[in-house]
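Working notes, structure below.
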Amino acid sequence: MSLEHAAFEKDWFGATLAHDWWVVLSRRIVDPSIRVYRVMKQIVPLLEVMERYEVAEVARDRVQTPRHVIPSELIAAQQRFLTLGGNVARSNGPRRSSHGGQVLLSFSHGFSSDPGLANALVVAAAESNLGKLAAADVDERHLFVRMDPSNSSAEAAVSLGRPIGAPVALPIAIDVVWLATAGVPNSGAVSL
Numbered sequence: 414m415s416l417e418h419a420a421f422e423k424d425w426f427g428a429t430l431a432h433d434w435w436v437v438l439s440r441r442i443v444d445p446s447i448r449v450y451r452v453m454k455q456i457v458p459l460l461e462v463m464e465r466y467e468v469a470e471v472a473r474d475r476v477q478t479p480r481h482v483i484p485s486e487l488i489a490a491q492q493r494f495l496t497l498g499g500n501v502a503r504s505n506g507p508r509r510s511s512h513g514g515q516v517l518l519s520f521s522h523g524f525s526s527d528p529g530l531a532n533a534l535v536v537a538a539a540e541s542n543l544g545k546l547a548a549a550d551v552d553e554r555h556l557f558v559r560m561d562p563s564n565s566s567a568e569a570a571v572s573l574g575r576p577i578g579a580p581v582a583l584p585i586a587i588d589v590v591w592l593a594t595a596g597v598p599n600s601g602a603v604s605l
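The sequence shown begins at 414 in the numbering used here and counts up one residue at a time.
Structure (structure tokens):
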């Protein structure tokens, strides 16, 4: 199965998954001896373990879990996910299909950050909220922008604390912009 077919033409479902998931696999699994179908059949049970322990995201550089003591079953599942070539698994919320949780698949060569894109998204948010902010009868107007994970290179620029580059020209009605990544609320981060 080609990578394009596996990622964009094949619908992957886990009948027992309670959530839909976004899974990013490393392009290093392109080795002809490794089949995407076999990898995906192994990943779905690992996502089930993550759901059981309320883990909403696993990434090569961080694992988020709501507990301070991590059960060995969860550690094993997360390590196996990474060993299979997984870079990121992120819950997209409760499943929407009667077929089970859908697993959206994508591939990565690595990872990059784009401060310019982060700035462009702030400007777009400012423009779309300008009327509401200008009409507010307050001393300071704060704009809160949550960086959507679908803009991964912009999210990476923010989450890595990279300099945002040239200052963004904000409309006069906005005094402060608060910019955050889409992290998991009320969760701690644990590194493997």
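For each residue, glycine too, the CB sits at the ideal point set by N, CA and C.
Spatial distance of residue i from residue j (CA atoms)
{"i": "N500", "j": "F520", "result": "9 angstroms"}
{"i": "G514", "j": "A570", "result": "30 angstroms"}
{"i": "D588", "j": "N532", "result": "16 angstroms"}
{"i": "L518", "j": "R503", "result": "11 angstroms"}
{"i": "F426", "j": "V535", "result": "35 angstroms"}
{"i": "T594", "j": "F557", "result": "11 angstroms"}
{"i": "S511", "j": "R473", "result": "30 angstroms"}
{"i": "P528", "j": "V581", "result": "11 angstroms"}
{"i": "W591", "j": "L583", "result": "13 angstroms"}
Beta-carbon proximity list for residue i, same chain, < 8 angstroms, skipping 5 on both sides
{"i": "M414", "result": "Bear in mind that the predicted position of M414 carries a pLDDT of just 48, short of 50, making it unreliable; the figure below should be weighed with that in mind. Within the same chain, M414 has close Cβ partners K423, R448, V449, Y450."}
{"i": "I585", "result": "none"}
{"i": "R508", "result": "L430, A431, H432, D433, G514, Q515"}
{"i": "R493", "result": "Q455, L459"}
Member of the options whose CA lies at the smallest distance from the CA of residue i
{"i": "G498", "options": "L487, M463, L438, D527", "result": "L438"}
{"i": "R559", "options": "A538, L543, V516, Q491", "result": "A538"}
{"i": "A428", "options": "L460, V436, V452", "result": "L460"}
{"i": "A490", "options": "L583, F557, V436, V462", "result": "V462"}
{"i": "L495", "options": "M453, L530, G506", "result": "M453"}
{"i": "G506", "options": "A547, E467, L487, A549", "result": "E467"}
Span of the alpha helix (DSSP H) around residue i
{"i": "S459", "result": "Note that residue 459 corresponds to Leu in the displayed sequence, not to Ser. Looking at the DSSP string, the run of the alpha helix (DSSP H) that includes L459 is 449 to 465."}
{"i": "A472", "result": "First-last for A472: 470 to 472, but that is the beta strand (DSSP E), not the alpha helix (DSSP H)."}
{"i": "A490", "result": "485 to 496"}
Chain E contact for residue i (CB, 8 angstroms cutoff)
{"i": "L459", "result": "No chain E is part of this structure, which consists of one protein chain only."}
Range of the contiguous beta strand (DSSP E) that encloses residue i
{"i": "G427", "result": "425 to 427"}
{"i": "R554", "result": "It is not in any beta strand (DSSP E) - R554 carries neither H nor E in the DSSP assignment."}
{"i": "R503", "result": "499 to 507"}
Where residue i falls, given that 16 or more other Cβ within 10 Å makes a residue buried
{"i": "I456", "result": "buried"}
{"i": "R465", "result": "exposed"}
{"i": "V443", "result": "Note that V443 scores a pLDDT of 47, beneath 50, so its modelled location is shaky; the value from the coordinates is reported in the next line. When all chains shown are included, V443 counts as exposed."}
{"i": "E568", "result": "buried"}
{"i": "V551", "result": "exposed"}
Close beta carbons around residue i, own chain, < 7 angstroms, minus the five adjacent residues each side
{"i": "E553", "result": "D588, V589"}
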